[in-house]
């Protein structure tokens with residue numbers, strides 16, 4: 001889960017990583033009052049998406065009136081489909097130098113990696129592609145933790161003049177990273193202003209699997225994905241017209257690929273997970289069929305922990321609510337029982353994923 | 369033969385009294401697995417399907433001498449269970465649990481480096497050697513004895529491919545699910561090395577998916593192998609930036625797409641299947 005910038009900065013402050021003074025607001029008028037206190041300000045859209053600056057979601061204001069105007073412009077805009085409901089109004093700090101400092105998980109090395117660059121304020125992926133020599137990397141042994149000399153190496157790479165302050169920030173950011181179960185803790189840019197070092201931006205992504213032990217407020221997502229997640233399933237919206245319900249992520253991806261290979265377009269990815277219960281399958285059916293674009297539905301279950309008769313019961317229960325035809329493939333645990341139950345409904349069956357993909361596309365053609 | 373497990377493998381079940389743990393004990397017993405004990409702290413002295421339950425792995429080791437362990441405990445306790453098995457020098461640890469925090473897994477992986485244990489998973493279906501033993505949750509009836517080794521990041525997709533192979537008369541030496549998480553104990557390459565040395569295995573099917581570079585990382589080794597490898601990668605239709613069910617299955621920052629993996633395999637001269645049915649056809653041609 002990605003935190004909002006303001007939430008990440010609150011955590012940074014708790015670890016005494018220097019951040020600009022500022023306040024959060026949902027009302028444009030408040031931006032003026034905050035600016036009156038702080039002087040020149042930056043008004044920053046609070047959304048969990050990158051590219052806010054390019055989208056016009058970060059504006060500077062020299063006066064309170066300008067701050068109000070900026071906030072009016074930003075509040076209500078959408079960045080990458082996310083509506084801006086809050087702005088962070090911060091004192092403006094002119095950077096003399098912008099650097100990059102981030103800690104993430106190196107999947108291949110299976111340990112934390114600190115990355116630092118003298119090129120801050122730009123996309124680190126871009127720097128990695130164009131000038132990889134400008135990125136300094138150091139791996140940390142998670143059992144030993146960050147060593148002093150490693151923090152020193154990072155700081156010397158970034159610039160000797162403020163090295164003592166940078167060492168301090170590196171050590172604190174590593175604590176933020178480990179204590180908060182981050183998969184990413186990033187400062188971009190880490191700025192030098194006058195003699196001071198300050199985090200002008202803050203990005204934290206917290207491992208969803210660790211939310212049970214982290215004190216973060218989860219926002220209820222008002223989307224089909226959010227609803228699926230609440231029921232322990234995984235839904236991703238796509239652009240086609242074939243609704244898909246599958247148990248297991250790999251099989252789900254394979255099914256979607258197959259639909260595409262045969263010339264169809266999936267409307268969604270939906271993994272009801274291994275061991276899905278009757279209730280979960282019912283919810284899945286309701287979620288998938290609530291998408292207006294869906295013209296046909298493909299249910300593909302390879303039962304291991306999931307029992308085919310439970311899936312059949314869910315289909316029987318929900319099918320009166322659903323106006324589009326389905327293709328069902330049931331294999332594995334209690335397959336025969338499940339099929340027998342469904343035969344009465346006159347549902348199209350398939351015996352493999354490939355056959356199911358072909359049949360659901362045919363069904364779409366005849367139905368039109 | 370096959371790899372990692374056989375009839376003599378003595379399996380300990382961590383989390384044996386849970387709903388899933390106890391259900392799977394029965395399934396494994398029916399398959400022919402030698403389940404010698406279970407662990408649930410606080411439930412020592414009880415029994416599950418005739419299997420003795422212990423309070424700790426060390427306690428079980430003293431009494432029933434397991435050499436493999438399978439973990440069914442909830443995510444927040446999974447790392448602790450793995451550490452406990454490593455400290456008791458259990459040679460093969462299979463973690464079925466989905467949802468283990470990544471920071472826990474980083475510590476586990478670092479700890480494993482200085483141990484005598486191998487970890488498979490987490491978030492995996494385990495492994496099966498038909499006619500010998502099964503550790504994990506793969507459905508019993510789909511397997512058939514034979515000469516194809518299978519290694520996969522997936523669960524149910526693996527079952528589909530095993531099932532199709534078996535129904536086409538192609539048996540398996542061992543099928544291994546290495547897990548769908550970003551951080552896992554055993555890589556594709558680790559398993560490929562074992563298959564290369566296994567006389568029972570004549571060809572290998574590798575099933576990958578989007579996210580990370582685990583598939584590409586195995587290519588250099590596949591090029592040195594004597595045995596043929598057929599690769600299959602799913603998620604061609606996955607949009608970038610979205611996690612497709614498995615925590616590890618995400619195309620991030622333009623990297624880890626299915627096509628880039630498929631192209632890497634093809635460039636290295638490795639056969640790539642386009643669907644489960646196509647894999648079966650290609651295996652038939654090779655054998």
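Protein chains in written order, with the working numbering: chain A, 1 to 368; chain B, 369 to 655.
We put the beta carbon where it would ideally sit given N, CA and C, even for glycine.
Values in this document were obtained by computation on a predicted structure and should not be read as measured data.
Item to check | Cβ distance (whole Å) where residue 407(B) is taken to contact residue 391(B) below 8 Å | outcome: Taking the Cβ atoms as the reference, residue 407(B) lies roughly 17 Å from residue 391(B), outside the contact range of under 8 Å.
* Kindly indicate which residue of 640(B), 439(B), 576(B) and 417(B) has the alpha-carbon position closest to the one of residue 425(B). => Ranked by how close their Cα comes to the Cα of residue 425(B), the residues 640(B), 439(B), 576(B) and 417(B) have 439(B) in first place.
Kindly identify the DSSP beta-bridge partner or partners of residue 439(B). Answer is 382(B) and 463(B), bridged to residue 439(B).
Exercise. Going by C-alpha distance, which of 533(B), 503(B) and 427(B) is nearest residue 413(B)?
Worked result: It is 427(B) whose Cα lies nearest to the Cα of residue 413(B).
task = Give the secondary structure of residue 527(B) by DSSP, where H, G and I count as helix, E and B as strand, and everything else as coil.
result = Residue 527(B): helix per DSSP, three-state reduction.
Within 10 angstroms of its Cβ, does residue 340(A) collect 16 or more other Cβ (buried), or is it exposed? Residue 340(A) counts as exposed, since fewer than 16 other C-beta atoms from the protein chains shown sit within 10 angstroms of its C-beta.
- Ends of the alpha helix (DSSP H) at residue 399(B)? Element bounds for residue 399(B): 387-399.
Q.
Cutting at 8 Å between CB atoms, please list the residues of its own chain near residue 5(A), excluding the five before and the five after it.
A. Once the five neighbours on either side are set aside, the close Cβ partners of residue 5(A) are 44, 46, 88, 201, 202 and 203.
Residue 207(A) CB to nearest chain B CB: under 8 Å?
Yes, contact with chain B.
message: Please report the distance separating the alpha-carbon of residue 649(B) from that of residue 379(B).
response: Those two C-alpha atoms are separated by around 35 Å.
Quiz item: With a Cβ-Cβ cutoff of 8 Å, do residue 315(A) and residue 272(A) count as a contact?
Solution: No, these two residues do not count as a Cβ contact at 8 Å.
* Under 8 Å between the Cβ atoms of residue 575(B) and residue 520(B)? -> Taking C-beta atoms as the reference points, residue 575(B) and residue 520(B) count as a pair closer than 8 Å.
Beta-carbon contacts of residue 401(B) that lie in its chain and below 7 Å, excluding the five residues immediately before and after: The beta carbon of residue 401(B) lies closer than 7 Å to those of 379, 501, 502 and 503 in the same chain, with the five residues before and after it left out.
Worksheet item: So, do the segment 236-256 of chain A and the segment 288-297 of chain A have three or more beta carbon pairs nearer to each other than 8 Å?
Response: Verdict: yes, contact present.
Looking at the ligand GDP, does it come within less than 7 Å of residue 149(A), judged from the CB to the closest heavy atom? Although the ligand GDP was asked about, the structure shown includes no ligands whatsoever.
task: Classify residue 592(B) as buried or exposed, calling it buried when 16 or more other Cβ atoms lie within 10 Å of its own Cβ.
output: With fewer than 16 other Cβ atoms within 10 Å, it is exposed.
Checklist entry - What in chain A is Cβ-close to residue 505(B), meaning under 7 Å? => result Per Cβ cutoff of 7 Å: 304 and 305.
message: What does the alpha-carbon distance come out to for the pair residue 410(B) and residue 630(B)?
response: Looking at the two C-alpha atoms, the distance is approximately 49 Å.
Discussion item. Given this structure, state the Cα-to-Cα distance separating residue 594(B) from residue 584(B), to the nearest angstrom.
Written reply: Distance between the alpha carbons of residue 594(B) and residue 584(B): 18 Å.
* So, using beta-carbon positions, are residue 403(B) and residue 397(B) closer together than 8 Å? -> With respect to residue 397(B), residue 403(B) sits close: the two C-beta atoms are nearer than 8 Å.
**DSSP bridge partner residues for residue 584(B) (one or two, in chain order)** = Looking at the DSSP assignment, residue 584(B) forms no beta bridge with any residue, so it has no partner.
Check your understanding: Does the count of Cβ pairs from the segment 274-290 of chain A and the segment 226-233 of chain A closer than 8 Å reach three?
Key -> Counting C-beta pairs closer than 8 Å gives three or more between the segment 274-290 of chain A and the segment 226-233 of chain A, which meets the contact rule.
Item to complete: Measure from the C-beta of residue 280(A) to each C-beta in chain B and report whether the shortest distance is under 8 Å.
Response: For residue 280(A), the answer is no, since every Cβ of chain B falls outside 8 Å of its Cβ.
Check: Buried or exposed: where does residue 376(B) fall if 16 or more other Cβ atoms within 10 Å of its Cβ makes it buried?
Finding: By the neighbour-count rule (16 or more Cβ atoms within 10 Å), residue 376(B) is not buried but exposed.
- Out of curiosity, what's the CA-to-CA distance linking residue 493(B) and residue 73(A)? The straight-line gap from Cα to Cα measures roughly 51 Å.
Which same chain residues, not among the five before or five after residue 231(A), have their C-beta less than 7 Å away from its C-beta? Scanning its chain for C-beta atoms nearer than 7 Å, with the 5 sequence neighbours on each side dropped, one finds around residue 231(A) the residues 280 and 283, in chain order.
inquiry  = Can you check whether the C-beta of residue 490(B) is within less than 8 Å of a C-beta belonging to chain A?
reply    = It does not: the Cβ of residue 490(B) has no partner Cβ on chain A nearer than 8 Å.
In chain order, what residues of the segment 223-242 of chain A put their CB closer than 8 Å to some CB of chain B? Answer in chain order: 234, 236 and 238.
Quiz item: To which residues of the same chain is residue 156(A) closer than 7 Å at the C-beta, ignoring the five residues directly before and after it?
Solution: Excluding positions up to five away in sequence, the list reads 163.
Is DSSP giving residue 234(A) helix, strand or coil here? Residue 234(A) sits in a strand when the DSSP states are folded into three classes.
* Asked: Can we say the segment 453-468 of chain B touches the segment 506-514 of chain B, given the rule of at least three CB pairs closer than 8 Å?
  -> The answer is no - the segment 506-514 of chain B does not touch the segment 453-468 of chain B, with fewer than three Cβ pairs under 8 Å.
Does any C-beta atom of chain A lie closer than 8 Å to the C-beta of residue 632(B)?
-> So, not an interface residue.
Endpoints, alpha helix (DSSP H) assigned at residue 289(A): It spans 278-289 - the alpha helix (DSSP H) in which residue 289(A) sits, taken as one unbroken run.
- [ ] Consult DSSP for residue 47(A) and reduce its assignment to one of helix, strand or coil.
- [x] If DSSP states are grouped into helix, strand and coil, residue 47(A) belongs with coil.
Integer Cβ distance of residue 31(A) from residue 68(A), believed to fall under 8 Å:
Between residue 31(A) and residue 68(A) the beta-carbon gap is near 5 Å, inside 8 Å, which marks them as a contact.
- Query: What does residue 261(A) touch in chain B if you count any residue whose Cβ is under 8 Å from its own?
  - Reply: Within chain B, the residues placing a beta-carbon under 8 Å from that of residue 261(A) are 642 and 643, ordered along the chain.
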